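Q: Dumping the structure here so I can ask a few things about it.
2 protein chains.
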Amino acid sequence: MNDSNAERDYLESYRPGDYPSVALTADLVVFAVNGGVLHAALVRRGSHPFRGRLALPGGFVGPRESAEAAAGRELSEETGLDLGTLPVHLEQLATYSDPGRDPRMRVVSVAHLVLLATDGATLPAVSAGTDAAGADWYPVHDMLAGGAGGSLAFDHSQILAEGLQRLAGKMEYTTVAARLLPEEFTLTQLRTVYEAVWNAPLAAGNFTRKMTPHLEDTGRKARASTGGAPAALFTATDRYVHPPLSRPRQE
Amino acid sequence: MNDSNAERDYLESYRPGDYPSVALTADLVVFAVNGGVLHAALVRRGSHPFRGRLALPGGFVGPRESAEAAAGRELSEETGLDLGTLPVHLEQLATYSDPGRDPRMRVVSVAHLVLLATDGATLPAVSAGTDAAGADWYPVHDMLAGGAGGSLAFDHSQILAEGLQRLAGKMEYTTVAARLLPEEFTLTQLRTVYEAVWNAPLAAGNFTRKMTPHLEDTGRKARASTGGAPAALFTATDRYVHPPLSRPRQE
DNA sequence: TAAATAGTGTCTGTAAGACAGTATAAA
DNA sequence: TTTATACTGTCTTACAGACACTATTTA
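Laid out in C-alpha cells, this is it:
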C-alpha cells in the first residue's frame, strides 16, 4: 500500500452535497429512584413543536464530539446536574431515525440511558436548560401506563419505554442496579431499586441469598434509624450475575 | 395550543448552519452459519482509506429513509443478496460516532445485525457493490481471534465483535437462532447454530429437553441422509425462552 | 418489653448436567 | 448387521421460591 497519490487524494474525495447529511442529537433517559419509585427527569418544552409537552432532555451533538460525550455534556446543560460530585452510569440505548420524527427537519437521535446515584430518599435537583420551560422528576411506571402527564413529545414515549426495558433486562444479569445507589449500600436499598424498576415485590430473604455472592462486604454497618438490626454495607464488584436473577413473570 | 402563528413559524426555526450536521451511514453485520461455523459477509475495500482491507458492507442513509430501511437497501445493493426470496432478521445494534473514526470527514454509523437463513450446508452468494473490490464470507471466530484477514477497516472489528456478542447473548433468552435456519429445522440443526455462535459444544440430549417446549412440532420428519433416525421438523414459536439457556462458561 | 428490620435456616419442587439406554433408518 | 443419528429416561446436584425463625437494634 504505497500509492501516496491516492493517499493524498482521498481526503478530498467527499464534498458537501455528495452525500446526504442529518442533524444529530443526543437524547437522555435519566433515571433515579426515590421512595421506592423509579423516576425519570423530563423537561417541559418551551417552544414548538410540542410546546408545553414533556420531553426527554437532549441536544445537538457537536462537530468534534461523540454522541456519548454530547450526552454527558447535555446532562449537565439541560438538567443542571453536577457531574463532578455525582457518580453517573451512561450507556447508549438506540438510535431513532424515522424521517418524520421531527416535523421541522431531519433529526436523528442517539438515545442514552443515564443512571444517577441517590440514597433513595432525595432526588438530585434538576433545572431547565435552554428552550425548556421547566425540568422535574416524574414516576416512570405511572407515565408509561398513560397516567400523569400523558404521552411525551416526538417519539420520546417510545424511547422512555425502551430505556426502562433495557434497564429492567440488564438488572437480571448484572449488578448495574447498584449504579442507582451510593458507593456503599445495604441489601434492602438494592432490593428497593429492583422493586422500583421491575415494579414488583421481591422476597427479602431469597434476594439476600442470591445477591450476596456478587457484592463485596465492606465490614461496615449502616446505622439503624428506623428500629431493627443495622444492615451490612456492600459495594458492587462483579459485572455479571450468573445465573441471572429471574424477574417475576408479569401478567 | 391554538397559537397558529407560532405553529407556522417553527417550521422555519431551523436553517442550515444553525446546527451541526453529519453524514449518516448504515453498516451491516451479516451472519450466516455454514458447516457448523459462523460466517460474516465482508467486502474488500476498493478505494482509500483502508484500500484492500476487509470491511463491513454499508452505505449512506438516504434523506427520506430510516437507518433500518437503509440497512435493508444496502444489504441487497452491497452484497447482492436477494431479499425477496430470503427470510431475513434485521435489528439495530449500536451507533458509532467517534469524531475520528473516518479520516475523510464526520461519519456516524448506525450498525445493524442481519441474520440470514441457510440450510447449514451452503452460504448465499454475495457479490461486491460499488466501491468494493469483492465480497465473501469469512469465519467470525477466526477473524476475531486475530487469525485470517487481520483487523478490519475503520472501527469495524469492534462492531463485528459487538454484533457477535449481541447475537450470542440474545440466543440465551430468545429463539432468535432459528432465524439462521429455514422455516422448518431439526433440533440438531438448531444445536449446530448454537454451537457455531457460542463456539462451544452442547450436550445433544439436554439441548433437546430444554428447547423443545419453545418450538412447535410440525409433525413432519426430515429425511435421514446420513444414516440414523429421521429428525422431527420444528418451527420457532416463542419469542422468549424462560428460564434462559445458560451458555457454557468460557475461560 | 414491644416493635421493626436484618439475616439465616429449612423444606419442596424444578431444572440442569451427565450419561446410559432405546429406537429408527441408511449403507 | 453394522453404523450413525435421534430421542428418552435416570440419577445426582443445585438452586429457586416460600416462609419460619433468630438476632439485633430503637423507642
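If you read the sequences in order, they're chains A and B.
The numbering of the first sequence is full-length UniProt numbering, which starts it at 1 and goes up by one.
The numbering of the second sequence is full-length UniProt numbering, which starts it at 1 and goes up by one.
All C-beta atoms in this analysis are idealised placements derived from N, C-alpha and C, irrespective of residue type, glycine included.
All values derive from a computational prediction rather than experimental measurement.
Using a Cβ-Cβ cutoff of 9 Å, what residues of the region 210-240 of chain B are near chain A? List them in chain order.
A: none
Q: Starting from A/G120 and walking both ways along the beta strand (DSSP E), at which residues does that stretch end?
A: Segment: none, A/G120 is in no beta strand (DSSP E) and carries neither H nor E.
Q: Return the chain-ordered ranges of every alpha helix (DSSP H) run that is complete within the UniProt domain "Nudix hydrolase" (23-166) of chain B and spans a minimum of 4 residues.
A: 67-79 and 140-144
Q: Would you kindly check if the distance between the Cβ of A/L187 and the Cβ of A/R53 is under 8 Å?
A: no
Q: Hey, does B/D155 have any beta-carbon neighbour from chain A nearer than 8 Å?
A: no
Q: Taking only beta carbons into account, state which residues of the region 45-77 of chain B come closer than 8 Å to chain A, listed in chain order.
A: S47, H48, P49, R51, G52, F60, V61, G62, P63, R64, E65, S66, A67 and E68
Q: With the cut-off set at 8 Å, would you say A/L90 and A/A111 are in Cβ contact?
A: no
Q: On a Cα-Cα basis, can you pick out the residue from A/V176, A/S66, A/S109 and A/S47 that is closest to A/V88?
A: A/V176
Q: Pick helix, strand or coil for A/Y240, following the three-state DSSP scheme.
A: Look at A/Y240 here: in three-state DSSP terms it is strand.
Q: With a cut-off of 8 Å on the beta carbons, I'd call B/A121 and B/N34 a contact; round off their distance for me.
A: 7 Å
Q: Beta-carbon within less than 7 Å of A/E12's beta-carbon, same chain only, minus the 5 sequence neighbours each way: which residues are those?
A: Reliability fails at A/E12, whose pLDDT of 44 lies under 50, so the model's placement of it is uncertain and the value that follows must be treated cautiously. Nothing meets the Cβ criterion.
Q: Would you say B/T174 and B/Y240 are within 8 Å of each other, going by their C-beta atoms?
A: yes
Q: Could you check how far apart the C-beta atoms of A/F31 and A/V114 are, in whole angstroms? I think they sit under 8 Å.
A: 7 Å
Q: Which two residues bound the contiguous beta strand (DSSP E) that contains B/G219?
A: L215 to K221
Q: Helix or strand or just coil, what does DSSP make of A/A178?
A: helix
Q: Taking all protein chains shown into account, decide if B/T226 is buried (16 or more other Cβ within 10 angstroms of its Cβ) or exposed.
A: exposed
Q: For B/T237, I'd like the list of residues in its chain whose CB is within less than 6 Å of its CB, leaving aside the five on either flank, ordered along the chain.
A: E216
Q: Does any CB atom of chain B fall closer than 8 Å to the CB of A/L24?
A: It does; some Cβ of chain B falls within 8 Å.
Q: For A/N206, which of helix, strand or coil comes out of DSSP?
A: helix
Q: Which of the three DSSP states, helix, strand or coil, is assigned to A/T235?
A: strand
Q: Taking buried to mean at least 16 other C-beta atoms within 10 Å of its own C-beta, is B/A229 buried or exposed?
A: exposed
Q: In the DSSP assignment, what are the bridge partners of A/S21?
A: Looking at the DSSP output, A/S21 shares a beta bridge with B/A23.
Q: Taking A/R106 as the query, report the chain B residues whose CB atoms sit under 8 Å from its CB, ordered along the chain.
A: P63
Q: Thinking C-alpha only, which one of A/A161, A/P63 and A/A117 is nearest A/A178?
A: A/A117
Q: Kindly indicate the opening and closing residues of the alpha helix (DSSP H) around B/R191.
A: L187 to W198
Q: Rank A/A71, A/T85, A/L56 and A/V107 by C-alpha distance to the C-alpha of A/S21 and give the top, closest one.
A: A/V107
Q: Excluding the 5 residues flanking A/G163 on each side, which residues of the same chain have their C-beta closer than 6 Å to its C-beta?
A: V29, L93 and L113
Q: Use the C-beta contact count for B/D119: other C-beta atoms within 10 angstroms, 16 or more gives buried, fewer gives exposed.
A: Residue environment analysis places B/D119 among the exposed positions, since fewer than 16 neighbouring C-beta atoms fall within 10 angstroms of its C-beta.
Q: Check the Cβ of A/S97 against every Cβ in chain B and list those closer than 8 Å, keeping chain order.
A: L24, V61, S66, A67, E68 and V110
Q: Rounded to the nearest angstrom, what separates A/G84 and A/R73 at their Cα positions?
A: Taking the straight line from one Cα to the other gives about 12 Å.
Q: In this structure, does DSSP put B/T212 in helix, strand or coil?
A: B/T212: helix per DSSP, three-state reduction.
Q: Let's test the definition: count the other Cβ atoms within 10 Å of the Cβ of B/A155 and tell me whether it reaches 16, buried, or not, exposed.
A: This sequence places Asp at residue 155 of chain B; Ala is not what is there. Classification for B/D155: buried.
Q: Cutting at 7 Å between CB atoms, please list the residues of its own chain near A/P201, excluding the five before and the five after it.
A: E195
Q: Using alpha carbons as the reference points, say which of A/R104, A/M143, A/L75 and A/G100 lies closest to A/A125.
A: When only C-alpha atoms are compared, the closest one is A/L75.
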